[in-house]
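Residue numbers (UniProt numbering): 1 to 230. Yeah, the Cβ is synthetic: ideal placement off N, Cα and C, and Gly gets one too.
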């Protein structure tokens with residue numbers, strides 16, 4: 001068991017990248033409020049006429065009042081916390097609560113998402129398809145995270161079994177940690193598992209990608225903005 005008190009701190013204040021399916025629309029409700037009081041009123045009013053609101057916005061009760069963010073780009077951030085995993089597997093550091101997974105480098109974020117998309121499609125018994133994804137860019141910090149980069153080789157870095165890492169994540173969550181700074185398992189570079197929404201700001205749509213999947217693997221990542229960036 002990893003002792004949380006023994007983990008070094010990582011001071012982060014940098015842009016980060018996250019890749020999500022493009023079919024997830026921006027809800028805009030969080031952009032239209034500027035305070036917790038406004039949110040509670042707007043949510044109550046709109047839910048009377050929009051029965052799908054909870055499905056779109058997620059469960060706001062999962063985010064403590066002091067951690068909720070509002071304004072420009074807030075929906076991109078809040079979605080990660082109001083829609084916890086539903087597949088039973090969870091993420092590396094979470095099973096039944098939301099985490100905003102992102103990377104310091106866009107290429108690392110793409111490598112991470114490519115792995116998870118390919119696994120999902122394999123398990124869905126799909127042989128060949130394409131999927132469009134959206135890259136988000138946000139500002140992380142200034143914030144202090146728990147740093148586990150020195151623990152490469154520990155069970156928390158197992159490529160497929162997240163059991164040990166999820167135990168650590170739950171312990172960090174119980175102590176109100178802002179999250180964890182760790183090494184990517186899919187590419188050379190750093191990732192972040194952000195556990196509190198207010199550590200993030202200025203989230204924007206960065207660009208669209210198309211993933212080409214064939215027989216168990218993402219064989220090509222195509223940029224849809226004409227920039228040729230990879």
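{"Query": "In the DSSP assignment, the beta strand (DSSP E) including residue 10 goes from what residue to what residue?", "Result": "9-21"}
{"Query": "When you compare the CB positions of residue 121 and residue 182, do they come within less than 8 Å of one another, or not?", "Result": "no"}
{"Query": "Going straight from the alpha carbon of residue 216 to that of residue 131, what length do you get?", "Result": "14 Å"}
{"Query": "What does the alpha-carbon distance come out to for the pair residue 161 and residue 154?", "Result": "12 Å"}
{"Query": "Restricting to Cα atoms, I'd like to know which of 66, 145, 18 is closest to residue 111.", "Result": "18"}
{"Query": "Would you list, in sequence order, the uninterrupted beta strand (DSSP E) runs of no fewer than 3 residues that lie entirely inside the region 113-187?", "Result": "128-147, 179-183"}
{"Query": "Compute the Euclidean distance between the alpha carbons of residue 210 and residue 83, then round it to the nearest angstrom.", "Result": "24 Å"}
{"Query": "Per DSSP, residue 221 is paired with what?", "Result": "211"}
{"Query": "May I ask whether a heavy atom of the ligand COA can be found less than 7 Å away from the beta carbon of residue 195?", "Result": "This structure does not include the ligand COA; it has no bound ligands of any sort."}
{"Query": "Over the uninterrupted alpha helix (DSSP H) stretch that includes residue 103, give me the two end residues.", "Result": "Segment 100-103 is the beta strand (DSSP E) holding residue 103; no alpha helix (DSSP H) there."}
{"Query": "Below 8 Å on the Cβ atoms is my guess for residue 93 versus residue 163; work out the distance and round it to an integer in Å.", "Result": "Not really, about 11 Å apart at Cβ, beyond 8 Å."}
{"Query": "Starting from residue 77, follow the beta strand (DSSP E) in both directions and report where the run begins and ends.", "Result": "Note, residue 77: premise wrong, no beta strand (DSSP E); alpha helix (DSSP H) at 74-82."}
{"Query": "Buried or exposed: which applies to residue 7, given that a residue is buried once 16 or more other Cβ atoms fall within 10 Å of its Cβ?", "Result": "buried"}
{"Query": "Let me check understanding here. Comparing Cα to Cα, which of 169, 63, 199 lies closest to residue 142?", "Result": "199"}
{"Query": "Per DSSP, what kind of secondary structure is residue 194 in: helix, strand or coil?", "Result": "strand"}
{"Query": "Give me the DSSP bridge partner(s) of residue 204.", "Result": "137"}
{"Query": "Nearest to residue 221 by alpha carbon, out of 173, 168, 133?", "Result": "133"}
{"Query": "Closest to residue 140 by CA distance: which of 159, 223, 179, 224 is it?", "Result": "179"}
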